[in-house]
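Notes to accompany the following structure.
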Amino acid sequence: MKFEAIYHDGTTSSSELVVVTVSEDGSVSFSLSSPDSEGLNTSLLSNITDLSWSELKVQPRIGQTPRWIRLPNNAQLETKENDLVDQIQERFKQGVFDGFLHRTEHSWWMVFCGLLISVLFIWGSVQYGLPAAANLASKAIPADVLNPLGEEVIVWMDDNLFEPSTLSDQRQAEIKNEFEQLFQVQAHYTLLFRASPKIGANALALPNNTIILTDELVNLAENDQQILAVLAHEVGHIVHKHALRRLLQQAGLAAILMTFTGDVSSVSSAVAYLPALLIELGYSRDFEYEADEYALQFMSDQGMDKDHLARALEVLHQHHAGEDEGDESNHSHDDDKPETFDYLSTHPATDVRVEKIRNWQ
Ligand SMILES: [Zn+2]
Numbered sequence: 093m094k095f096e097a098i099y100h101d102g103t104t105s106s107s108e109l110v111v112v113t114v115s116e117d118g119s120v121s122f123s124l125s126s127p128d129s130e131g132l133n134t135s136l137l138s139n140i141t142d143l144s145w146s147e148l149k150v151q152p153r154i155g156q157t158p159r160w161i162r163l164p165n166n167a168q169l170e171t172k173e174n175d176l177v178d179q180i181q182e183r184f185k186q187g188v189f190d191g192f193l194h195r196t197e198h199s200w201w202m203v204f205c206g207l208l209i210s211v212l213f214i215w216g217s218v219q220y221g222l223p224a225a226a227n228l229a230s231k232a233i234p235a236d237v238l239n240p241l242g243e244e245v246i247v248w249m250d251d252n253l254f255e256p257s258t259l260s261d262q263r264q265a266e267i268k269n270e271f272e273q274l275f276q277v278q279a280h281y282t283l284l285f286r287a288s289p290k291i292g293a294n295a296l297a298l299p300n301n302t303i304i305l306t307d308e309l310v311n312l313a314e315n316d317q318q319i320l321a322v323l324a325h326e327v328g329h330i331v332h333k334h335a336l337r338r339l340l341q342q343a344g345l346a347a348i349l350m351t352f353t354g355d356v357s358s359v360s361s362a363v364a365y366l367p368a369l370l371i372e373l374g375y376s377r378d379f380e381y382e383a384d385e386y387a388l389q390f391m392s393d394q395g396m397d398k399d400h401l402a403r404a405l406e407v408l409h410q411h412h413a414g415e416d417e418g419d420e421s422n423h424s425h426d427d428d429k430p431e432t433f434d435y436l437s438t439h440p441a442t443d444v445r446v447e448k449i450r451n452w453q
């Protein structure tokens, strides 16, 4: 499509009659209307290459008055060919949204802001959204799902991590008795004893209100109060549903949605993940602090000395730190990673936890 227009270069008063050609793909080119003409600032005109119609700003039509079309270089075209310009506009005009995108693309600042908002949104979702959703979902999952889940995890752990406890029946009964007397909720918590050369002195809280205590921890503790302090910490993990929340966070939104859509059985198929989460990845620091906080409050209520928990952590820390010297393969010393095992702390966080416990009022 072609139309004649008067070209004003926008900086001088010079103008020239040109033929504007709009090709099929919307690209715009100019040629002199009269080959003899010399008045046009041809250098300005030659600057305009790769121009497309959508880059032009076309003044709205007012009757049959000549219309102005602004070019990106601030030059202007003046034309009386209103009908033809309307046709071209109809064909190549940009939509409102295209126009916005077009402008956005060309503004790195807008792009940067958009990117920043996206990153913040994703970070926010993962940092706060997912844990919050996991927390909510953990409350919605009924016990009859958690019990089989916990039982399957124990079966898996017995096959892979644990050996039967070598503690005497009498010693087991002694600890169990102390635990049950302290918590007075025998029906709610199950205490299991296992030996585990693989994970050493440790205690684990499972989603079905079961706590597993290793022989190694029982033997390492300087007194039974320390064992009870560790158990109080594990009860904290259970009360706050940490294992389940950890699992749900890991399994992600899919598992959470399944929970709310009623397909709860599929959550229990995630049983395969849980041992790995509990053993290899451990809990976040926040969860550890939360469990410590629970233990401290509980011990305070029971008149127990809070130092038993601090001392238990120190003893466990020394135990596992010593182990690490011989075997580096399983344990992470990376400051940003959670503790390798719940109590297997070669992590600086142990110092922080101990300090927090000692300062706790
Ligand atoms: Zn813990």
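The sequence shown maps to residues 93 to 453 in my numbering.
Ideal placement from N, C-alpha and C gives every residue a C-beta, glycine not left out.
It should be emphasised that the depicted structure is a prediction, and the values quoted were computed from it without experimental measurement.
Paired residues, beta bridge with residue i - DSSP
i: residue 286; result: 256 and 306
i: residue 268; result: Partner(s): none; residue 268 has no beta bridge.
i: residue 95; result: 112
i: residue 295; result: 305
i: residue 392; result: DSSP lists no partner for residue 392.
i: residue 161; result: 150 and 169
i: residue 100; result: 107 and 168
i: residue 120; result: 114 and 143
CB-CB length for residue i against residue j, believed under 8 Å
i: residue 270; j: residue 316; result: 6 Å
i: residue 448; j: residue 381; result: 7 Å
i: residue 285; j: residue 327; result: That pair is no contact at about 17 Å.
i: residue 180; j: residue 93; result: 6 Å
Beta carbon of residue i nearer than 8 Å to that of residue j
i: residue 446; j: residue 402; result: yes
i: residue 288; j: residue 253; result: yes
i: residue 297; j: residue 265; result: no
i: residue 293; j: residue 208; result: no
i: residue 305; j: residue 283; result: yes
i: residue 124; j: residue 110; result: yes
i: residue 222; j: residue 341; result: yes
i: residue 301; j: residue 280; result: yes
i: residue 159; j: residue 174; result: yes
i: residue 120; j: residue 145; result: yes
i: residue 452; j: residue 405; result: no
i: residue 386; j: residue 310; result: no
i: residue 182; j: residue 164; result: no
i: residue 329; j: residue 384; result: no
i: residue 377; j: residue 441; result: yes
i: residue 204; j: residue 118; result: no
i: residue 230; j: residue 149; result: no
Residue-level contact to chain C via CB, residue i, 8 Å cutoff
i: residue 394; result: The structure shown contains no chain C, having only a single protein chain.
Handout entry: Any 3 or more C-beta pairs closer than 8 Å across the stretch 321-334 and the stretch 394-409
Key = yes
Practice task
Evaluate the contact criterion for the stretch 98-106 versus the stretch 161-171: three or more CB pairs, one atom per stretch, below 8 Å.
Solution key: yes
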